[in-house]
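Numbering (our numbering), first residue to last: 19 to 315.
Ideal placement from N, C-alpha and C gives every residue a C-beta, glycine not left out.
Computed from a predicted structure; not experimentally measured.
Here the structure is laid out as structure tokens; the discussion comes afterwards.
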């Protein structure tokens with residue numbers, strides 16, 4: 019009887035876990051499913067109809083318009099329509115996020131290695147200072163940054179966003195890579211230096227290949243942080259040529275004097291693809307990179 023009671027409790031516990039997982043998945047994917055549903059509905063059905071399992075009249079003209087705009091943007095010329103502005107903004111966001119990610123991994127990786135391996139006075143204070151800068155509210159820095167950028171004549175330039183985003187993500191890259199480098203045994207570098215390598219050669223030939231999961235994790239998360247940033251892109255970029263993705267999405271409701279919910283939802287689906295693909299392909303590296311420095315030897 020006792021064994022039967024324990025098996026019943028275990029079964030109830032498993033059912034509870036499965037129900038919790040199902041509810042969590044529904045909570046997570048319901049907005050995405052509704053966004054896709056809204057993007058393939060006719061405008062009249064979207065505004066007047068109630069929630070249904072599948073729209074009566076499925077249409078993909080919004081996606082065709084977006085993808086036809088890709089050809090126009092590649093050919094160059096004046097950016098006019100809403101879809102062209104949106105596609106151009108995707109390219110802008112990708113360029114800014116990719117350049118920022120590359121620079122932050124290059125500089126942040128070397129800085130994190132120095133903090134993890136080199137013993138020098140004030141290293142702990144500098145690490146805490148970097149963390150303190152990361153904890154500052156973004157909105158509190160907008161006015162002084164705007165004054166500084168405007169004095170240098172750098173308003174409405176893509177390179178300005180790269181510099182601002184580097185200041186936003188560099189401390190994060192240093193802290194995460196620092197924890198990952200600490201988890202790598204220093205004996206490997208000692209053996210490399212015995213064979214004639216200096217600190218930089220040991221870092222480049224030994225540590226960087228071993229730290230691949232950490233680099234991929236940091237690179238993916240830094241890319242997503244830049245991809246999703248809105249405040250700096252809204253304030254420092256003013257023209258259609260420099261608009262980023264998040265700002266372009268927010269302007270769907272004002273470009274033609276009305277709210278085009280279908281185009282807004284279609285744009286949101288396209289904007290979600292890159293973060294979704296990054297999360298799927300690099301999931302293993304993200305988990306390894308973020309957990310490797312969590313356990314001390």
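Residue 46 (DSSP reduced to helix, strand or coil): Here residue 46 refers to the residue found at position 28 of the chain shown. Looking at residue 46 - three-state DSSP - the assignment turns out to be helix.
State the Cα-Cα distance for the pair residue 36 and residue 299, rounded to the nearest angstrom. Position 18 of the chain shown holds residue 36. Position 281 of the chain shown holds residue 299. Rounded to whole angstroms, residue 36 to residue 299 spans 25 Å at the Cα level.
Nearest to residue 219 (by Cα), restricted to the options 111, 131 and 123: By one-based count along the chain shown, residue 219 stands at place 201. Out of 111, 131 and 123, 131 has the C-alpha closest to the C-alpha of residue 219.
Pairs of beta-carbons, one from the region 226-237 and one from the region 198-207, closer than 8 Å: are there three or more? yes
When we look at the beta-carbon of residue 133 and count the other beta-carbons within 10 Å, is it buried (16 or more) or exposed? Here residue 133 corresponds to residue number 115 of the chain shown, with the count starting at 1. Classification for residue 133: buried.
Other residues of its chain near residue 113: CB distance less than 6 Å, five sequence neighbours each side excluded: Counting from one through the chain shown, the residue named residue 113 turns up at place 95. Hits under 6 Å: none found.
Close beta carbons around residue 189, own chain, < 8 Å, minus the five adjacent residues each side: Start at 1 with the first residue of the chain shown, and residue 189 comes out as number 171. Hits under 8 Å: 148, 149, 151 and 152.
Using DSSP with H/G/I as helix, E/B as strand and the rest coil, what is residue 269? As a working mapping, residue 269 is identified with position 251 in the chain shown. Reduced to three states, the DSSP call for residue 269 is coil.
Classify residue 26: buried if its beta carbon has 16 or more other beta carbons within 10 angstroms, exposed otherwise. Against the chain shown, residue 26 aligns to sequence position 8. Under this definition residue 26 is an exposed residue.
Nearest-angstrom Cα distance between residue 238 and residue 305? Indexing the chain shown from 1 puts residue 238 at position 220. Indexing the chain shown from 1 puts residue 305 at position 287. Between residue 238 and residue 305, the C-alpha separation is close to 11 Å.
My understanding is that residue 282 touches residue 295, with C-beta atoms under 8 Å, so please give their C-beta distance in whole angstroms. Mapped onto the chain shown, residue 282 falls at position 264. Mapped onto the chain shown, residue 295 falls at position 277. About 21 Å; that fails the 8 Å criterion.
Option in 62, 78 and 221 with minimal Cα separation from residue 124: Reading the chain shown from its first residue, position 106 is the one you call residue 124. When only C-alpha atoms are compared, the closest one is 221.
Residue nearest to residue 265 in terms of C-alpha spacing, selected from 45, 106 and 178: As a first step, residue 265 is located in the chain shown; it is residue number 247 there, counting from the start. Nearest of 45, 106 and 178 to residue 265, Cα basis: 106.
Going by other Cβ atoms of all chains shown within 10 Å of its Cβ, with 16 needed for buried, is residue 45 buried or exposed? The residue labelled residue 45 in the question sits at position 27 within the chain shown. Answer is exposed; the Cβ neighbour count stays below 16.
Would you give the residue range spanned by the alpha helix (DSSP H) that residue 165 belongs to? Within the chain shown, residue 165 is the residue found at index 147, counting from 1. Here the alpha helix (DSSP H) through residue 165 covers 160-169.
Which runs of the alpha helix (DSSP H), 4 residues or longer, sit entirely within the region 110-160? 141-153
May I have the straight-line CA-CA distance separating residue 274 from residue 102, to the nearest angstrom? Counting from 1 along the chain shown, the entry for residue 274 is found at position 256. Counting from 1 along the chain shown, the entry for residue 102 is found at position 84. Legend: pLDDT at residue 274 = 49, less than 50; position of this residue unreliable, value from coordinates given subsequently. Answer to the nearest angstrom: the Cα atoms are 14 Å apart.
Element boundaries [alpha helix (DSSP H), containing residue 294]: Position 276 of the chain shown holds residue 294. Looking at the DSSP string, the run of the alpha helix (DSSP H) that includes residue 294 is 279-299.
Which residues in the same chain have their Cβ closer than 7 Å to the Cβ of residue 278, if we skip the five residues on either side of it in sequence? Counting from 1 along the chain shown, the entry for residue 278 is found at position 260. Closer than 7 Å at Cβ, skipping near neighbours: 270.
For the candidate residues 301, 297, 290 and 302, whose alpha-carbon lies nearest to that of residue 53? Your numbering for residue 53 matches position 35 in the chain shown. The shortest C-alpha separation from residue 53 is found at 290.
Give the DSSP-derived three-state secondary structure of residue 209 in the structure shown. Numbered from its first residue, the chain shown carries residue 209 at position 191. Of the three classes helix, strand and coil, the one that applies to residue 209 here is helix, per DSSP.
Can you say whether residue 166 is buried or exposed, counting buried as having 16 or more other CB atoms within 10 angstroms of its CB? Mapped onto the chain shown, residue 166 falls at position 148. So residue 166 ends up on the exposed side.
Anticipated Cβ contact below 8 Å, residue 77 with residue 176, distance rounded: Working through the chain shown from its first residue, we reach residue 77 at position 59. Working through the chain shown from its first residue, we reach residue 176 at position 158. Their Cβ separation, rounded to whole angstroms, is 35 Å, which puts residue 77 and residue 176 out of contact at 8 Å.
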